[in-house]
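So the sequence shown is numbered by our numbering: it starts at 178 and just counts up by one.
Heads up, the beta-carbon is just placed ideally off N, CA and C, and yes, glycines get one too.
Working notes, beginning with the structure itself.
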Amino acid sequence: MEEFFKVIIAGLDNAGKTSILTALDKKYDFDKEIVSLKPTIRVEYHATQFLKNRIVFWDMGGQTKFRELYKKKQDLYFAGTDLMVYIIDIQDEERFNISLEYLDSILHHFMKNKLDIPLIISFHKYDPEIRGKEKTISIINDLKEGISQKYPSVKILFQLTSIYDIISIVQLISYGLSIFDDKFYDLSELLEKYLNEFNCSSLIVFDKNGIIISEYYSEFVELDLYTELIESIKHHLFLLKRMLEESYEADYNFSNVGANLLSYLHRLKIAENSLFISVIIKESLKDEFLEKFTDFLNAIEKILTPLLT
Ligand SMILES: Nc1nc2c(ncn2[C@@H]2O[C@H](COP(=O)(O)OP(=O)(O)O)[C@@H](O)[C@H]2O)c(=O)[nH]1
Ligand SMILES: [Mg+2]
């Protein structure tokens, strides 16, 4: 049966909430979009399908007057929330305190009402050009430590996102959604097992909307290869859309990445649903990989069928 999930996206105004949801919707023509967004007035809704569930995102406008309104009517806004994603703009140091206060008022409400809502905090605007810089790392660590120490009883997952890195956005939402079913644990174990069997660099399962259902990466991916890996995954996001929209002849596609890597996308149909498996692997391992791939498909079908029917 279809279920509904309510995901709240909160944070100060200008933190990037609407951009994140827009990026998620538009990830296939990503570069052209997400300019000139208007400030969100109160709450906007975005809905998406994830496996057999309908997810409704509440994008809560973060201007002061709305924050006051949510505070007064917290019951109304937060009732029935399955997941909260709180966005902090890590480039807006001057407003860290205001943002932490807003977060505090929300968590206070959750704790007072014994609402056990999973929380993801995303340090957003973690743009490629500030990654790995000492200042960025120290800002993030300080925020993380401060928050974890203040709310020891709240389980918080921290993420780093930027709209200039579409995979980080896809991951943010994917991790959030995967908490809804224990099957994701089995799936993750299966991916780990086959990542080793195939000896590949990455193994990812996407749903038809390009949301990551599960993913696994080799620990041995060198840094220069990593960029190519991310590019191939992006390419797979385009390709899976083409496979769905055009009556694409084959259910799989091989393409070359760099000098000796192959990127493989395979469409798997389970109960009328299309799922996509993305594999990046050394070209020399292709034959061996294809021999084992059918076993993998059978195993994954067993795990995913209950999630789709
Ligand atoms: N540098 C950078 N800017 C971003 C990012 N995400 C959003 N922005 C910009 O931040 C501003 C506010 O974004 P918006 O989504 O409207 O924020 P909201 O008020 O939280 O919904 C816009 O100018 C966006 O283009 C990001 O990852 N990096
Ligand atoms: Mg907005």
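Which same chain residues, not among the five before or five after residue i, have their C-beta less than 6 Å away from its C-beta?
i, result
"Y254", "Y247"
"I185", "W235, T258, M261"
"S440", "S409, S432, V434, I457"
"F181", "R231"
"D374", "According to the sequence shown, residue 374 is Glu rather than Asp. Excluding sequence neighbours, E374 sits near K469."
"Q251", "H286"
"T313", "I307"
"N475", "none"
"E405", "V434, G435"
"H223", "L198, F234"
"M237", "A187, V220"
"N318", "none"
"F300", "I265, I267, I317, L337"
What residue range does the beta strand (DSSP E) around residue i cover?
i, result
"E270", "Segment: none, E270 is in no beta strand (DSSP E) and carries neither H nor E."
"G188", "181-188"
"I298", "296-301"
"N430", "429-434"
"R231", "230-237"
According to the Cβ coordinates, are residue i and residue j closer than 9 Å?
i, j, result
"Q348", "E392", "yes"
"I477", "S378", "no"
"I447", "T471", "no"
"D269", "N191", "yes"
"K183", "V233", "yes"
"I324", "I297", "no"
"N386", "T225", "yes"
"I197", "T338", "yes"
"Y429", "H413", "no"
"I294", "D342", "no"
"I350", "I316", "no"
"L417", "F466", "no"
"L364", "L445", "no"
"K411", "I344", "yes"
"N487", "L228", "A question about residue 487 goes unanswered here, because the residues of the chain that appear run from 178 up to 486."
"L292", "Y328", "no"
Quick one: residues in its chain with C-beta nearer than 7 Å to the C-beta of residue i, no 5 flanking neighbours on either side, listed in chain order?
i, result
"L282", "Reading the sequence as shown, one finds Ser at residue 282 and not Leu. Once the five neighbours on either side are set aside, the close Cβ partners of S282 are K248."
"K321", "F335"
"G188", "K194, G239, Y263, I264, I265, S276"
"Y371", "L380, F473"
"L463", "Note on residue identity: the sequence assigns Lys, not Leu, to residue 463. Same-chain partners within the cutoff: L439."
"L280", "Y263"
"K459", "N437, L438"
"L369", "Checking the displayed sequence, the identity of residue 369 turns out to be Glu instead of Leu. So the list reads Y393, once near-sequence residues are dropped."
"L421", "K385, S451"
"K302", "G193, D266, I267, Q268, S339"
"G353", "V184, L260, V262, I297"
"D358", "L484"
"L367", "A476, I477, I480"
Terminal residues of the continuous alpha helix (DSSP H) containing residue i?
i, result
"Q326", "311-327"
"L380", "No alpha helix (DSSP H) contains L380, which is instead part of the beta strand (DSSP E) from 379-383."
"T225", "Taken as a continuous stretch (DSSP letters only), T225 belongs to no alpha helix (DSSP H), being part of the beta strand (DSSP E) at 220-227."
"L143", "Residue numbering for the chain in the displayed model covers 178 to 486; residue 143 lies beyond these limits and cannot be assessed."
"E396", "It is not in any alpha helix (DSSP H) - E396 carries neither H nor E in the DSSP assignment."
"F375", "360-375"
"D252", "251-255"
"S330", "No alpha helix (DSSP H) holds S330; DSSP gives it neither H nor E."
"Q348", "343-355"
"A192", "Taken as a continuous stretch (DSSP letters only), A192 belongs to no alpha helix (DSSP H), as it is neither H nor E."
For residue i, which residues from the same chain have a beta carbon less than 8 Å from its beta carbon, with the 5 sequence-adjacent residues on both sides left out?
i, result
"P483", "K360"
"S355", "F361, I390, S391"
"R272", "L189, D266"
Give, in chain order, every unbroken run of the beta strand (DSSP E) that is at least 3 residues long and sits entirely within the stretch 444-474.
450-459
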